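Chemist:
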Amino acid sequence: FFSKWKEALNRTSKAAFGRLATVFGATEIDEFTWEELEALLLQADLGIQTTQEILNVLQKKAAQQGIIRASDLRNLLRSELIQRLDPAPPIDLDHHKPAVVLIVGVNGSGKTTTIAKLGKKYSQQGKKVLLGAADTFRAAAVDQLEIWAERLNLPIVSGQPNADPGAVAYDTIQAAISRNVDLVFIDTAGRLHTRYNLMEELKKVYRVSGKALPGAPHATWLVLDATTGQNALQQAKAFKEAVQITGIILAKLDSSARGGMAFAIQKELGIPILFAGLGEQPDDLQPFDREAFVDGILA
Ligand code: GDP
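Here the sequence shown stands for residues 4 to 302, numbered as in full-length UniProt numbering.
Printed below as a string of structure tokens:
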């Protein structure tokens, strides 16, 4: 399990933290140590503010604890990084039947693949899962989700091209109620286009879900592409303004050299990171584990 994270975080670790060996290899802490550390935290996309805060804390602790050997900073850095990530809260979807989860995110972020992964994970846990393909603006998105559904043997409700996404969400939830489904994952549109208001549409899907089943959606998870680093943060802010995001899924951590963005996301959004996408296959979704994550990037 740990090796899976290590392998997946190889790029982030190589791109930035690989240089830690040089930093911590020096015998005594000096100016160079802090400069190098700053450079590599920035390179891993932790963001300027988080980087500065971490440096300040480490400098203070090093002084307090009388640390002079650079190698002794490694543990300080590790615990500081871990502590900056919230432990992933338990995901409790058992109290609703069906529990409805909206999956939001921009096109290309890994949304469809993530829904397939979630569907597989939960159906393996014995839940009766139903997928809803409400990204009707993109025929390819519906097709792709249908292909996954067939491969994974998961039932799906799909919208016709250009059908009203809200209506598809409504139909999916209705179908879930009548078929005694436990868990519904609904794919939503993610087209970032100037003359089209993605956020208004999302709000509508959100509202309509609540009409189909009072209390729904019970969770709204935002899929972010970890390879886009700090850009993902800007997207996340826009989504957060439109609908209540209850969790984040960091897709493509394995192909990212900017895994450090997780810290900025946590700090600026205050939304827990629930899962990480560690590959393209349906099994490559892991509950976010902050220790495995930090050990992976520091490897
Ligand atoms: P969508 O447009 O947001 O629905 O994105 P897709 O699910 O189609 O994913 C876009 C691309 O990213 C596809 O080639 C996926 O195979 C790939 N992808 C999705 N999640 C991951 C992941 O966790 N790791 C890697 N390496 N690739 C991923």
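Virtual Cβ for every residue (Gly too), placed ideally from N, Cα, C. A quick note: this is a predicted structure, and the numbers were derived from the prediction, not measured.
(1) Pull up the distance between the alpha-carbon of Lys114 and that of Arg72, whole angstroms please.
(2) Just how far apart, CA to CA, sit Asp97 and Leu105?
(3) If contacts are defined as beta-carbon pairs under 8 angstroms, then Ala267 and Gly250 qualify, I think. What distance do you get, rounded to the angstrom?
(4) Kindly provide the ranges of any alpha helix (DSSP H) runs that are 4 or more residues long and lie completely inside the stretch 156–207, ordered along the chain.
(5) Could you pull the start and end residues of the beta strand (DSSP E) that Thr223 belongs to?
(6) Would you mind sorting Ile189 into buried or exposed? The rule is 16 or more other CB atoms within 10 Å of its CB.
(7) Report yes or no: do three or more beta-carbon pairs, one from the stretch 271–290 and one from the stretch 63–78, lie closer than 8 angstroms?
(8) Alpha carbon to alpha carbon, how far is Val103 from Asn156? Give it in angstroms, no decimals.
(9) Would the beta-carbon of residue 303 fall within 8 angstroms of that of Arg22?
(10) Can you tell me whether Phe291 is helix, strand or coil according to DSSP?
(11) Asp228: which of Ile276, Gly213 and Leu205 sits nearest, CA to CA?
(12) I'd like to know whether the C-beta atoms of Ala144 and Ala136 end up nearer to each other than 8 angstroms.
Modeler: Here's the rundown:
(1) Within the sequence shown, numbered from 1, the residue matching residue 114 stands at position 111. Within the sequence shown, numbered from 1, the residue matching residue 72 stands at position 69. Taking the straight line from one Cα to the other gives about 45 angstroms.
(2) Here the question's residue 97 lines up with position 94 in the sequence shown. Here the question's residue 105 lines up with position 102 in the sequence shown. One C-alpha to the other measures close to 16 angstroms.
(3) The residue labelled residue 267 in the question sits at position 264 within the sequence shown. The residue labelled residue 250 in the question sits at position 247 within the sequence shown. That pair is no contact at about 17 angstroms.
(4) 168–181
(5) Against the sequence shown, residue 223 aligns to sequence position 220. Taken as a continuous stretch (DSSP letters only), the beta strand (DSSP E) holding Thr223 covers Ala222 to Asp228.
(6) The count along the sequence shown starts at 1 and reaches residue 189 at position 186. Burial call: buried.
(7) no
(8) Within the sequence shown, the letter at position 153 stands for residue 156. Within the sequence shown, the letter at position 100 stands for residue 103. Straight-line Cα distance between these residues: approximately 19 angstroms.
(9) The structure shown has nothing for residue 303, since the chain only spans 4 to 302.
(10) Within the sequence shown, residue 291 is the residue found at index 288, counting from 1. Coil at Phe291, not helix or strand.
(11) Taking the first residue of the sequence shown as 1, we reach residue 228 at position 225. Nearest option by C-alpha distance: Ile276.
(12) Reading the sequence shown from its first residue, position 141 is the one you call residue 144. Reading the sequence shown from its first residue, position 133 is the one you call residue 136. A contact, by the Cβ cut-off of 8 angstroms.
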